[in-house]
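Below is one structure; the comments refer to it alone.
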Amino acid sequence: MIIGSIVNGIVIDHIPAGRGMELYKLMKLNELKCEIALIENAKSEKLGKKDILKIGEMLPFDYSILGYVDSRITINFIENGKRVRKEHPSMPEILSDIIKCKNPRCITTTEQELPHKFRLSDRESLSYRCVYCESKAQSN
Amino acid sequence: MRHLIDISDLTRDETNELIETASDIIVNPDNYTNKCSRKKIATLFYEPSTRTRLSFESAMLDLGGSVIGFSSAQYSSVSKGESVADTVRTVSCFADIIAIRHPKEGAALVAAMNSPVPVINAGDGGHNHPTQTLTDLLTIVREKGRLTDLTIGCCGDLKFGRTVHSLITAMARYSGVRFVLISPDELVIPEYLRNGVLKRENIPYVETRSLDESIAELDILYMTRVQKERFFNEADYVRLKDSYILTPDKLAHAKSDMRILHPLPRVNEISTAIDYDPRAAYFRQVRYGKFIRMALILKLLEEAEE
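These protein sequence lines are chains R and D, in that order.
For the first sequence, our numbering assigns the number 4 to the initial residue and increments by one for each residue that follows.
For the second sequence, our numbering assigns the number 287 to the initial residue and increments by one for each residue that follows.
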């Protein structure tokens, strides 16, 4: 399979295999007009298998939320065909409207306009808790 | 603006100060009768409550203040679909302080986020009920004379029982406290409490299924109701509700100065034959609840004025 290199944009590498689409949705990439490629199950020395996202545009985006998916992810910023910066996202302290609280007793289930906010509760176990009801976050 | 949403919003020193103020109110009630004159508390109760609402209202009246509010969501604009945020913004135009009870977890925090006056969480679903915990602490001090060096038994629904969770969190801040956690397998304390409080703070504790075998070593027995409204499945509720009932036979093995606490309402987990035993502190506990709420209202209003 051949997918061309991008000239200006972002390559998100080392996404754990199977989670590329989650990241695609998280970043709302379906709303963009530029070229986007999602490569699933690519070979990886580090991970065995990985997903890769190539986005043909520099996005004004808070990449720290990618740390919620996996802090091993690599974000490569490409300008004029060359990588100008490489970042590993850290775990964000707060996730706002990224995931939804699934506790049926949470106030967010009845107050529809409330933002769904989660706070990093344990860096070691990578767990987040709802700021309102303190339920542990579950993947959407 | 200072609010009380979770018991951990108060430091140990602040908790001790509230207990001292409440104790002074008990001894010198006349000194407090006009402390809140011209002040109003709004009690916003979205679900039924006897003790907590009346306790807040009595507390404010005994401080010389007055009371507005509603005792059921059906009698407020909530029935028209008004949000907690809008209700609180409206009510804060009339009241100096708000006590809110709501069936949804986190509702009191949402109220606080939108209120220019102090908000007290009077219970948000199965989540937090900090003034019950303050009541429990005052009761222990009044009945046992201390908050340190106690063996505290918590019995019944330790999984859904929010009062037990808050009590463990609050008592973990005092030295020499040991817990005996008595519950059926289905209703043991949640993992976050076992790992996040007891193990992390090195608090000695044992988990047991038997009230009979553990009652003799307790200084405090904190009984809880197996609450129907916390179950999704009625069959589970029926199966577990009678698991741990305190009877005169069981109590015969307890220390003569042990004290029995219960957040109430009771269903059948404490036999009424025990009610007149001097160890039964649960109705005195209700009375202490008013005094600690008086102390809390005073503190939050004073801080709001500053």
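Every residue, glycine too, gets a C-beta built ideally from N, C-alpha and C.
Note that the coordinates shown come from a computational prediction; the quantities given were computed from them, not determined experimentally.
Put simply, the region 70 to 80 of chain R touches the region 18 to 25 of chain R. At least three CB pairs are less than 8 Å apart.
Closest option to Lys325 (chain D), judged by alpha-carbon separation, among D:Asp382, D:Val370, D:Val450 and D:Glu520: D:Asp382. For Ala590 (chain D), the enclosing alpha helix (DSSP H) has its first and last residue at Tyr568 to Glu591. Per DSSP, reduced to three states, the secondary structure at Phe80 (chain R) is strand.
For the pair Asn11 (chain R) and Glu82 (chain R), the Cα-to-Cα distance works out to about 5 Å.
According to DSSP, residue pairing for Lys85 (chain R) in a beta bridge involves R:Glu82. The beta carbon of Asn106 (chain R) sits closer than 8 Å to the beta carbons of Thr112, Cys133, Cys136 and Ser138 from its chain, once the five residues preceding and following it are set aside; these are given in chain order. For Gly411 (chain D), at least one C-beta of chain R is nearer than 7 Å to its own C-beta. Chain-ordered, the chain R residues with CB closer than 8 Å to the CB of Ser369 (chain D) read Glu114 and Glu116. Under the 10 Å beta carbon count, Leu586 (chain D) is surrounded by 16 or more other beta carbons and is classified as buried. At least one CB of chain R lies nearer than 7 Å to the CB of Glu391 (chain D).
Assigned with DSSP and collapsed to three states, Met30 (chain R) falls in coil, not helix or strand. Residues are counted here when their Cβ sits less than 8 Å from a Cβ of chain D; for the region 93 to 114 of chain R these are Asn106, Arg108, Cys109, Ile110, Thr111, Thr112, Thr113 and Glu114, given in chain order. In the displayed model, Gly51 (chain R) falls within a strand according to three-state DSSP. Taking the beta carbon of Val396 (chain D) as reference, the chain R residues within 7 Å of it are Ile110, Glu114, Leu117 and Tyr135, listed in sequence order.
Thr437 (chain D) has D:Arg464 as its beta-bridge partners, per DSSP. Excluding residues up to 5 positions away in sequence, Ile501, Ala502, Leu504, Leu507 and Arg565 lie with their Cβ nearer than 8 Å to the Cβ of Ala540 (chain D) in the same chain.
Residue nearest to Glu116 (chain R) within the set R:Lys89, R:Ser99, R:Glu34 and R:Asp16 is R:Ser99 (criterion: CA-CA distance).
Following the DSSP letters along the chain, one finds Asp372 (chain D) in no beta strand (DSSP E) but inside the alpha helix (DSSP H) bounded by residues Val370 to Val377.
Here the region 321 to 338 of chain D makes contact with the region 374 to 389 of chain D; the two share three or more CB pairs at distances below 8 Å. Leu35 (chain R) sits exposed, since fewer than 16 C-beta atoms from the chains shown fall within 10 Å of its C-beta.
DSSP assignment within the region 503 to 570 of chain D yields the following whole beta strand (DSSP E) runs of 3 residues or more, N-terminal first: 506 to 509 and 545 to 547. Distance from the Cα of Arg122 (chain R) is smallest, within the candidate group R:Cys104, R:Arg108 and R:Leu41, for R:Cys104. Around the beta-carbon of Met61 (chain R), fewer than 16 other beta-carbon atoms lie within 10 Å, marking it exposed.
In the displayed model, Asn481 (chain D) falls within a helix according to three-state DSSP. Rounded to whole angstroms, the separation of the alpha carbons of Ala456 (chain D) and Leu584 (chain D) is 21 Å.
Within the DSSP bridge table, the entry for Asp125 (chain R) names R:Ser130 as partners.
In the DSSP assignment, Ile426 (chain D) falls within the alpha helix (DSSP H) that extends over Pro416 to Lys430. Rounded to whole angstroms, the separation of the alpha carbons of Ile489 (chain D) and Leu423 (chain D) is 18 Å.
The count of Cβ pairs closer than 8 Å, one atom from the region 424 to 439 of chain D and one from the region 399 to 410 of chain D, stays below three, leaving the stretches out of contact. In this model, Arg288 (chain D) and Gly351 (chain D) are separated by some 20 Å (Cα to Cα). Within the DSSP bridge table, the entry for Ile13 (chain R) names R:Ile58 and R:Phe80 as partners. Its chain contains Gly350 as the residues whose beta carbon lies nearer than 7 Å to that of Asn320 (chain D), once the 5 sequence neighbours on both sides are disregarded; these appear in chain order. With a beta-carbon spacing of about 19 Å, Glu493 (chain D) and Leu532 (chain D) fall beyond the 8 Å limit used to define contacts.
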